[in-house]
Amino acid sequence: MCGIAGIVGSNLGAEEISRRMERMRDCLRHRGPDDRGIFVRKDGVVALANTRLAIIDLSAAGHQPMSSGDGRLRIVFNGEIYNFAQLRAELEEQSEVFVSSSDTEVVLKMYQRYGPDCVRELEGMFALAIWDERLQSCFLARGPLGVKPLYYSEQDETLVFASEVRALLSSDLVPRTLSSRALNGYFLFGAVPEPDTLIEDVFALPPGHHATWSKGRLRLTRYWSLNFDSDPVTEAESAAILRDALTDSVSRHLVSDVPVGIFLSGGIDSTALVALASQSQKSSLRTFCISFDDPAFDEGKIAARTAAHFGTEHFDWRLDSTMAKSLLNEFLLRSDQPSIDGFNTFCVARHAHEHETKVVLAGLGGDELFGGYPSFKTVPRMVRISRTFNFIEPVRRGLGSFLERSSPSLRERRLGRFLQGRPTTFCAYQGMRGIFTPRESSALIRHYLRDQTSWSDEPEDFHIPFQPTLEDEVSYLEVMRYMRNQLLRDTDVMSMAWGLELRVPFVDAKLISSISRLPARIRLAPGKQLLLSAVPEIPEWVRNRPKRGFTFPFRSWIAGEWRPVFERIEAQSPIRLQSWYRRWCLFALESFIERNQIQVDGLARPA
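When we follow my numbering, the leftmost residue of the sequence shown carries the number 281, and every step to the right adds one.
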């Protein structure tokens, strides 16, 4: 696990490029505290950098940037390839010789032999760049589901890329200008939808894509996509399919040359991981939990009982408002792009780091794949009702406009926006998951970027590939929008902030390919019945517990001890904020703007 960066095609010269690469590398030092390296070609046209968190092959043989034996290729790699041992054995049968035991060298030789198609054989999470001296080209690739990030910018004929947006900014090759389109997406959803970033002309390489830079141009190619289907299988057969796929995924995600821990809450997903990992892990597992005094949010007692049941070495951190407030500044400093999430991962990752753990598993992805959110019921219901009354469209739109403009309720204002648009799953999803309405987003954009006077508040449209049911469409959106743009991004940044590799066995292309053909009525049955059937080892005190996400008591904290931190944000906002997450949304944005020295018109300044 690492941080990677590169500058390709620049004419600034080797000395200047070296200075800029050092700044980019140093900006990523937290992602790889074990080793770091830079390669700069003599003329400065190619420069690559890496910071390394050693998980597989802890020796110096895993140093990056890594070169092929003939010097033709150089790679910087971020991630873990869980089937690297199998791929290595296959390559050795074809007379390939290895000088390290790292997965990075396997990836390099796979590319050397198979070219861009090699990424189809890689099982794991990854973002990588390979310079090909013979072809004078740079190859970029990102894993199927985007667990690991990769950002890039094309400036004239120069390509700049890195694991984090702030590393791109540190190169001084990218203008520090806010993207109004990304800002709109941020206000609507609380996280910037990929491929945009908050910085104009900086983009995320989409998950399941690779790209090749050659002669000053970058060409993107999709190699993987998510689609659900519906095979005629029974509930028992579905449970068996999931059991096999999840057992295999957990086993592969435990591959490591250092001990592996698990983030354990009181929920089904993390408990399932502990249950399966405890059967395949030979050494004792470590589990980590955050607990609170407020019983409405505390999961410490249930997590401790589960840990004792499976015999893990359990660590609980009792977090209160005062301690959490003391961590806010450090959280903001270690953030990359803002979102309304991430602080919980920041805290539990810090907890694991303090106990000298370098790799953990987390249950992220279970809700999106097995119907764990209210959206799986609410969104299809909204769509069906709206379609029923579509024949009186003027009345529907009129009611929607009234609600959006006049209702004091945030939920009703978002519903009003939905009623004015087309009765699609995405519009309903935006109405339910939205942070600000499009009208409110327009007011905020004009507040921060006052030259955007012509910004339209027309609702965003998002194409969903054909899915068998409305519920499958919701699952697609939860994976490709919420999980991809917010949860995975925050999980990566906040775990790497502590030099911690966080693995997500549910977010695995091989597992998803196995379960994507299960009928929605089985896969998305209420209460995650399929997952409970597939992992009967989950104890009854977890099975019978009402669904509750891993959340912090932000509402009471912001209304209480944290209030002075947020007062100026609320006072200078052009619209009513009302909820804690809308206050947090602007709070995180303004911190991002200040940290990165981006000049905007409406930034609230401390009194």
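Beta carbons: idealized from backbone N, C-alpha and C, even for Gly.
Source: prediction; values computed, not measured.
Trp-411 - containing beta strand (DSSP E), residue span: On the sequence shown, residue 411 is found 131 positions in, with the first residue counted as 1. 404 to 412 is the span of the beta strand (DSSP E), which, as asked, contains Trp-411.
Could you say if the segment 784 to 803 and the segment 642 to 654 meet the contact criterion of at least three C-beta pairs nearer than 8 Å? yes
Does the count of Cβ pairs from the segment 606 to 615 and the segment 870 to 878 closer than 8 Å reach three? yes
Quick check: what's the CA-CA separation for Ser-459 versus Gln-809? Translated into the one-based positions of the sequence shown, residue 459 becomes position 179. Translated into the one-based positions of the sequence shown, residue 809 becomes position 529. Roughly 43 Å separates the two Cα atoms.
I need the DSSP call for Phe-572, collapsed to helix, strand or coil. Your numbering for residue 572 matches position 292 in the sequence shown. Looking at Phe-572 - three-state DSSP - the assignment turns out to be coil, as it is neither helix nor strand.
Thinking C-alpha only, which one of Cys-282, Glu-302, Val-320 is nearest Ser-290? On the sequence shown, residue 290 is found 10 positions in, with the first residue counted as 1. Out of Cys-282, Glu-302, Val-320, Val-320 has the C-alpha closest to the C-alpha of Ser-290.
DSSP three-state call for Leu-553: helix, strand or coil? Taking the sequence shown and counting its residues from 1, one reaches residue 553 at position 273. Helix.
Rounded to the nearest angstrom, how far is the Cβ of His-490 from that of Pro-345, given a contact under 8 Å? Looking up residue 490 in the sequence shown gives position 210. Looking up residue 345 in the sequence shown gives position 65. About 19 Å; that fails the 8 Å criterion.
Nearest to Leu-328 by alpha carbon, out of Ala-340, Asp-600, Glu-302? Here residue 328 corresponds to residue number 48 of the sequence shown, with the count starting at 1. Selected option, being the one with the closest Cα: Glu-302.
Where Pro-718 and Pro-819 are concerned, what is the direct C-alpha to C-alpha distance, given to the nearest angstrom? Stepping through the sequence shown from its first residue, residue 718 is reached at position 438. Stepping through the sequence shown from its first residue, residue 819 is reached at position 539. Cα to Cα, the separation comes out at about 44 Å.
Count the other CB atoms within 10 Å of the CB of Ala-887; is the residue buried (16 or more) or exposed (fewer)? Along the sequence shown, read from residue 1 onward, the residue named residue 887 stands at position 607. Residue placement at Ala-887 cannot be trusted, given a pLDDT of 31 that sits under 50; the coordinates are not used to answer.
How many angstroms separate the CA atom of Ser-689 from the CA atom of Gln-416? For the purposes of this step, residue 689 is identified with residue 409 of the sequence shown, where counting begins at 1. For the purposes of this step, residue 416 is identified with residue 136 of the sequence shown, where counting begins at 1. Computed Cα separation, rounded: 57 Å.
Hey, would you say Pro-473 sits closer than 8 Å to Ala-868, going by beta carbons? By one-based count along the sequence shown, residue 473 stands at place 193. By one-based count along the sequence shown, residue 868 stands at place 588. No, they are not a contact pair.
Can you name the start and end residues of the beta strand (DSSP E) that Ser-494 belongs to? Counting from one through the sequence shown, the residue named residue 494 turns up at place 214. Looking at the DSSP string, the run of the beta strand (DSSP E) that includes Ser-494 is 489 to 494.
For the beta strand (DSSP E) containing Ser-563, list its first residue and its last residue. In the sequence shown, the residue the question calls residue 563 occupies position 283. No beta strand (DSSP E) contains Ser-563, which DSSP labels as neither H nor E.
Using a 10 Å radius around the Cβ and a threshold of 16 neighbouring Cβ atoms, would you call Gly-488 buried or exposed? As a position in the sequence shown, residue 488 is number 208, starting the count at 1. By the 10 Å Cβ count, Gly-488 comes out buried.
Enclosing beta strand (DSSP E) for Phe-357 [first to last residue]: The residue labelled residue 357 in the question sits at position 77 within the sequence shown. First-last of the beta strand (DSSP E) with Phe-357: 353 to 361.
From this set, Met-405, Thr-438, Thr-551, Glu-376, which residue's C-alpha is nearest Leu-430's C-alpha? If you number the sequence shown from 1, residue 430 lands on position 150. Among Met-405, Thr-438, Thr-551, Glu-376, the Cα nearest to that of Leu-430 is on Met-405.
Buried or exposed for Pro-826, please, with buried defined as at least 16 other CB atoms from any protein chain shown within 10 angstroms of its CB. Locating residue 826 in the sequence shown gives position 546, where the first residue counts as 1. Classification for Pro-826: exposed.
Going by other Cβ atoms of all chains shown within 10 Å of its Cβ, with 16 needed for buried, is Lys-428 buried or exposed? Here the question's residue 428 lines up with position 148 in the sequence shown. Flag for Lys-428 reads buried.
Can you tell me whether DSSP reads Gln-435 as helix, strand or coil? By one-based count along the sequence shown, residue 435 stands at place 155. It is a strand residue.
To which residues does DSSP link Gly-286 through a beta bridge? Residue mapping note: residue 286 aligns to position 6 of the sequence shown, counting from 1. Paired residues: Leu-328, Phe-441.
Considering Gly-317, what are the terminal residues of the beta strand (DSSP E) in which it resides? Here the question's residue 317 lines up with position 37 in the sequence shown. 315 to 320 is the span of the beta strand (DSSP E), which, as asked, contains Gly-317.
Using the C-alpha atoms, what's the distance from Leu-449 back to Ile-287? To locate residue 287, count along the sequence shown from 1; it is residue 7. To locate residue 449, count along the sequence shown from 1; it is residue 169. In a straight line, the C-alpha of Ile-287 is about 12 Å away from that of Leu-449.
Starting from the Cα of Ile-570, find the closest Cα among Phe-716, Ile-542, Lys-581, Val-628 and give me that residue. Counting from one through the sequence shown, the residue named residue 570 turns up at place 290. Closest by alpha carbon: Val-628.
Within-8 Å CB hit, Phe-716 to chain C: Among the chains in the structure shown there is no chain C, since it carries only a single protein chain.
Do you know how far the Cα of Ile-855 is from the Cα of Glu-692? The residue labelled residue 692 in the question sits at position 412 within the sequence shown. The residue labelled residue 855 in the question sits at position 575 within the sequence shown. If I take the Cα positions, the gap works out to 16 Å.
Continuous alpha helix (DSSP H) stretch holding Thr-501: start and end: Start at 1 with the first residue of the sequence shown, and residue 501 comes out as number 221. Counting along the chain, Thr-501 falls outside any alpha helix (DSSP H), though it belongs to the beta strand (DSSP E) covering 497 to 502.
What are the boundary residues of the alpha helix (DSSP H) that includes Ser-796? Looking up residue 796 in the sequence shown gives position 516. Note, Ser-796: premise wrong, no alpha helix (DSSP H); not H, not E.
Just verifying my parser: in three-state terms, what is the DSSP assignment at Phe-786? Here residue 786 refers to the residue found at position 506 when the sequence shown is read from its first residue. Coil, per DSSP.
Roughly how many angstroms separate the alpha carbons of Phe-682 and Leu-750, rounded to a whole number? Counting from one through the sequence shown, the residue named residue 682 turns up at place 402. Counting from one through the sequence shown, the residue named residue 750 turns up at place 470. Each residue's Cα considered, the two are about 28 Å apart.
Tell me whether His-594 sits in a helix, a strand or coil according to DSSP, three-state version. Here residue 594 refers to the residue found at position 314 of the sequence shown. In the structure shown, His-594 sits in a strand (DSSP, three-state: E or B).
To which residues of the same chain is Lys-605 closer than 8 Å at the C-beta, ignoring the five residues directly before and after it? Mapped onto the sequence shown, residue 605 falls at position 325. For Lys-605, where only same-chain residues beyond five positions count, the Cβ hits under 8 Å are Trp-837, Glu-841, Trp-842, Val-845.
Compare the C-alpha of Met-760 against each of Pro-674, Ser-531, Ser-505 and name the closest. In the sequence shown, counting from the first residue as 1, residue 760 sits at position 480. Among Pro-674, Ser-531, Ser-505, the Cα nearest to that of Met-760 belongs to Ser-505.
According to DSSP, what are the bridge partners of Met-346? Within the sequence shown, residue 346 is the residue found at index 66, counting from 1. Met-346 is bridged to Ile-355.
Pop quiz: Ala-557 and Leu-565 are said to be a contact at Cβ under 8 Å. What is the actual Cβ separation, rounded to whole angstroms? Counting from one through the sequence shown, the residue named residue 557 turns up at place 277. Counting from one through the sequence shown, the residue named residue 565 turns up at place 285. Right, the Cβ-Cβ distance comes to about 6 Å (below 8 Å), so this counts as a contact.
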